[in-house]
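Okay, so here's the structure we're looking at.
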Amino acid sequence: MGMTLTEKILAAHAGVGRVRPGELVECRVDFCFANDITAPLAIREFEKIGVATVFDRERVAMVPDHYAPNKDIASAEQCKIMRDFVRRHDLPYYWEIGRSGVAHVLLAEEGLVLPGEVFVGADSHTVNHGALGAFSTGVGSSDLAAVMATGELWLRVPETMRFVFHGRPAPWVTGKDLVLRIIGDIGVDGARYAAMEFAGEALRHLTMDERFSITNMAVEAGGKNGIMEPDDATLAWVRPRAKRPFAPVYADRDAEYARVVEYDTGRLEPVVSAPSSPGNVVPVREAAGVPVDQVFVGTCTNGRLEDLRVAARLLAGRAVHPRTRMLVIPATPAIYRQALAEGLIQTFLDAGAAVSTSTCGPCIGGHMGVLAASEVCVSTSSRNFVGRMGHRDSKVYLSGPAVAAASAVLGRLAHPDEVLGRTAAGVSA
Amino acid sequence: MIFRGTAWRVGDHVDTDVIIPARYLVTIDPKALAAHCFEDLDPTLAGRIQPGDILVAGENFGQGSSREHAPIAIKGLGIACVIARSYARIFYRNAFNIGLPLLECADLHAAVESGDRLAVDNETGRIVNETRGTSFQAAPLPEFMRRLVDAGGIIEYTRRKVAGRR
Ligand code: SF4
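Sequence lines, in order, name chains A and B. Sequential numbering from 1 applies to the first sequence in our numbering. Sequential numbering from 1001 applies to the second sequence in our numbering.
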């Protein structure tokens, strides 16, 4: 019996011929990172280990994104712990505000995560990078400290669940809708401890940006990692950015999967996760009409260029509803710049949306767009837990960028068809 | 080690945002984090939990973010151990790494109310609900976690590993 993509990458990094699900392996880690929330704890623990510096300066990144630009004195102190560590250890991969962005988007863009690699981050959405054909998983600060010291991590080899997307996605059905559909079907612990492998010819119709939205949310189903086999589009995306040589890995033909779930993407429709669980997935048409106070387009899930393009298509020549406020946060400065060059930022401003510098921002309800009691937000982020974006009585609907933008225009949760006719759809064309 | 304390029961899928909301992640001080633990679930809960008490949870406890602040906040409240039907994976690792004992037990959750007195043997996994006179057996610790616990956590394990290489 052969190995799955995840198993092959882990076996290669554990230096063994083969691994099986359930086995414990000590893996070599190709790259790791922490952010301004997780780094201060990781640094404190790292300093207890008794090594002079990190295992490889070229393979450790620190990214200010959650509370950066600093929201208050306390968060400024946390960011400073990270910044001081970076200077003390002369780490090359740190980006100061103005150059920094949401870590998961930034690190992929910088070519620091590559096909076939093992990537570990002190942030749960590290699963994001599986779209590149890497094994990529989130850990806590202490585990990250151990990785920073040794370049190794203990892992239990996960079973692989395979999700196969057939056909061509129906109009307005984006990568976000596909992953929400899965989470709705299998539940928020449906893939607990498992590798989620996404496959099928429908992926070819998705941009890399949309594919990242899918692997990004593997953790919302409890997955250890989300992963896709690299194809021509993956390699075309990675090659010009790659900071290191890399070798793509592919699954064996006779690999064994714990479960296979198949979808005909032509029959799917846009969905949202209703409050207050990512697993509470309903078709947009069923949730339509809910009055919306705030719309947020951004985050590691949907703050990429393609997301801004889709949102701008719906907002062009229209205005954000007077009852609603809309926030747009490009995930990185490079995306911001490109959106500026394409006129997307102008479209947002003309429509009455606020555009901010790259940060996690409202996604965690810490700053820049916190919700009051009973307020409703449609957000392109990944989590709508109680209190996630503000008051415990506020409510968050998770959606893709098209639904978010349509809801901003109409001031209520809306299907994109209500703003642009069906003929104008074909988001993934 | 035997823990004796009052049970506090929470439901399924309790997430790390509810355990410690992100708006308080501007510190790593356990006491400061503990003050806001479970705030969005029940703002009075943290104030009622006494050191030595035991948290009983349903499925998938600790789903969501990788924030180690979550088990730190629970430990900061003085919770002696957590017994859940199941755990989300990052929370599970984090709790062991910071020395918050976790047990997995399928049957206890349905047979306990907040306020019950529990006695828990962390080594054998034997759990007694002294209020109701019932007893339960937790799942044995996976080998991976046993190895880490024996080494004194991931940091101590790593410290010994790098010292051995010198
Ligand atoms: S954008 Fe949101 S989900 Fe992504 S890393 Fe930031 S806080 Fe986490």
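C-beta: ideal position from N, C-alpha, C; glycine also. In this text, all values refer to a predicted model and were calculated from it rather than measured experimentally.
Interface residues of chain A around residue i at Cβ under 7 Å?
{"i": "I1090(B)", "result": "S124, G138, V139 and G140"}
{"i": "D1040(B)", "result": "V386, G387 and R392"}
{"i": "R1098(B)", "result": "In the sequence as presented, Arg is not what sits at residue 1098(B); that position holds Ile. Per Cβ cutoff of 7 Å: S142."}
{"i": "N1060(B)", "result": "V188, D189, R192 and G222"}
Chain B partners of residue i, CB-CB under 8 Å?
{"i": "R38(A)", "result": "Sequence check: residue 38(A) is Thr here, not Arg. What T38(A) touches in chain B: S1066, R1067 and E1068."}
{"i": "A149(A)", "result": "T1158 and V1162"}
{"i": "F119(A)", "result": "Those within 8 Å of F119(A) in chain B number zero; the least Cβ separation is about 14 Å."}
{"i": "K224(A)", "result": "R1089"}
{"i": "A195(A)", "result": "Correct list: empty, because the minimum Cβ distance to chain B is about 12 Å."}
{"i": "S277(A)", "result": "H1013"}
{"i": "D72(A)", "result": "V1026"}
{"i": "S75(A)", "result": "V1026"}
{"i": "A218(A)", "result": "In chain order: nothing, as chain B lies at least about 11 Å away."}
Run through chain A and tell me which residues come within less than 9 Å of residue i, C-beta to C-beta.
{"i": "T1134(B)", "result": "Per Cβ cutoff of 9 Å: no residues; T1134(B) is ~26 Å from chain A at best."}
{"i": "S1086(B)", "result": "D189 and R192"}
{"i": "R1009(B)", "result": "Those within 9 Å of R1009(B) in chain A number zero; the least Cβ separation is about 18 Å."}
{"i": "N1094(B)", "result": "V139, G140, S141, S142 and D143"}
Does DSSP put residue i in a helix, in a strand, or in coil?
{"i": "T265(A)", "result": "helix"}
{"i": "I329(A)", "result": "coil"}
{"i": "T6(A)", "result": "helix"}
{"i": "K395(A)", "result": "strand"}
{"i": "T1027(B)", "result": "coil"}
{"i": "N225(A)", "result": "strand"}
{"i": "I1054(B)", "result": "strand"}
{"i": "F1003(B)", "result": "strand"}
{"i": "D1042(B)", "result": "coil"}
{"i": "D1015(B)", "result": "strand"}
{"i": "I1020(B)", "result": "coil"}
{"i": "V19(A)", "result": "coil"}
{"i": "Y193(A)", "result": "coil"}
{"i": "D185(A)", "result": "helix"}
{"i": "H104(A)", "result": "helix"}
{"i": "A404(A)", "result": "helix"}
{"i": "V1162(B)", "result": "helix"}
{"i": "K176(A)", "result": "helix"}
Just the chain B side, please: which residues come within less than 9 Å of residue i by C-beta, in chain order?
{"i": "I364(A)", "result": "D1017, P1021, A1022, R1023, L1025 and S1065"}
{"i": "Q78(A)", "result": "L1025, V1026, T1027 and I1028"}
{"i": "R88(A)", "result": "Ordered by position in chain B, no residue passes the 9 Å Cβ test against R88(A), which lies about 18 Å from the chain."}
{"i": "R383(A)", "result": "D1015, D1017, G1064 and S1065"}
Spell out the partners DSSP gives residue i in its beta bridges.
{"i": "W154(A)", "result": "E26(A)"}
{"i": "P291(A)", "result": "R412(A)"}
{"i": "Q1137(B)", "result": "R1126(B)"}
{"i": "N35(A)", "result": "V63(A)"}
{"i": "P283(A)", "result": "V271(A)"}
{"i": "L1118(B)", "result": "G1005(B) and N1129(B)"}
{"i": "A122(A)", "result": "A34(A)"}
{"i": "D417(A)", "result": "Answer is none; D417(A) lacks a bridge partner."}
{"i": "F198(A)", "result": "F163(A) and M228(A)"}
{"i": "V260(A)", "result": "R162(A)"}
{"i": "M255(A)", "result": "One point to set straight first is that residue 255(A) is Ala, not Met, in the sequence displayed. DSSP lists G2(A) as partners of A255(A)."}
{"i": "S136(A)", "result": "F119(A)"}
{"i": "A297(A)", "result": "Sequence check: residue 297(A) is Val here, not Ala. According to DSSP, V297(A) bridges with V328(A)."}
{"i": "F1061(B)", "result": "Y1087(B)"}
List, in order along the chain, the chain B residues whose C-beta lies closer than 7 Å to that of residue i?
{"i": "W154(A)", "result": "F1144"}
{"i": "G98(A)", "result": "Going along chain B, no residue has its Cβ under 7 Å from G98(A), so there is no contact; the nearest lies around 22 Å."}
{"i": "I49(A)", "result": "I1155, T1158, R1159 and V1162"}
{"i": "E45(A)", "result": "I1155"}
{"i": "Y67(A)", "result": "V1026"}
{"i": "L314(A)", "result": "Correct list: empty, because the minimum Cβ distance to chain B is about 29 Å."}
{"i": "L41(A)", "result": "I1028 and E1068"}
*Inside the stretch 41-101 of chain A only - beta strand (DSSP E) runs reaching at least 3 residues*: Complete beta strand (DSSP E) runs here, min 3: 60-63.
*Would you check if the stretch 53-67 of chain A and the stretch 29-41 of chain A touch, i.e. whether three or more CB-CB distances between them fall below 8 Å?*
With three or more CB-CB distances shorter than 8 Å, the stretch 29-41 of chain A counts as touching the stretch 53-67 of chain A.
*Counting only runs of 3+ residues fully inside the stretch 307-392 of chain A, write out the beta strand (DSSP E) ranges in chain order.*
For the stretch 307-392 of chain A, whole beta strand (DSSP E) runs of length 3 or above, ordered along the chain, are 325-328 and 376-379.
*Note down, one range per segment and in chain order, each alpha helix (DSSP H) of at least 4 residues found wholly within the stretch 1064-1114 of chain B.*
Within the stretch 1064-1114 of chain B, the runs of alpha helix (DSSP H) at least 4 residues long that lie entirely inside it are, in chain order, 1069-1076 and 1089-1098.
_Could you check whether the stretch 19-32 of chain A touches the stretch 114-123 of chain A, counting it as contact only if at least three pairs of C-beta atoms, one from each stretch, sit closer than 8 Å?_
Contact holds: three or more Cβ-Cβ distances are below 8 Å.
*Within the chosen definition, does the stretch 1090-1103 of chain B reach the stretch 1042-1049 of chain B through at least 3 CB pairs nearer than 8 Å?*
Contact check between the stretch 1090-1103 of chain B and the stretch 1042-1049 of chain B: fewer than three CB pairs, one atom from each, fall below 8 Å, which does not count as touching.
*Do the stretch 300-317 of chain A and the stretch 342-353 of chain A meet, that is, are 3 or more Cβ pairs less than 8 Å apart?*
Segments in contact, yes.
*Using 8 Å as the Cβ pair cut-off and three pairs as the minimum, do the stretch 263-272 of chain A and the stretch 295-304 of chain A touch?*
Too few Cβ pairs lie closer than 8 Å, so no.
*Do the stretch 402-420 of chain A and the stretch 1007-1026 of chain B touch if we need at least three Cβ pairs shorter than 8 Å?*
Counting Cβ pairs under 8 Å, fewer than three are found: no touch.
*Does the stretch 1127-1135 of chain B come close enough to the stretch 1108-1118 of chain B to have 3 or more Cβ pairs within less than 8 Å?*
Contact between the stretch 1127-1135 of chain B and the stretch 1108-1118 of chain B is present, because at least three Cβ pairs lie under 8 Å.
*asked:* With three or more beta-carbon pairs closer than 8 Å as the criterion, would you say the stretch 39-50 of chain A touches the stretch 144-164 of chain A?
replied: Yes: at least three Cβ pairs fall under 8 Å.
*Are three or more beta carbon pairs between the stretch 104-111 of chain A and the stretch 13-26 of chain A nearer than 8 Å?*
Too few Cβ pairs lie closer than 8 Å, so no.
_So, does the stretch 172-187 of chain A touch the stretch 79-91 of chain A, judging by three or more C-beta pairs under 8 Å?_
With the cut-off at 8 Å, the stretch 172-187 of chain A and the stretch 79-91 of chain A do not touch.
*Three CB pairs or more closer than 8 Å across the stretch 270-280 of chain A and the stretch 380-388 of chain A*: Here the stretch 270-280 of chain A makes contact with the stretch 380-388 of chain A; the two share three or more CB pairs at distances below 8 Å.
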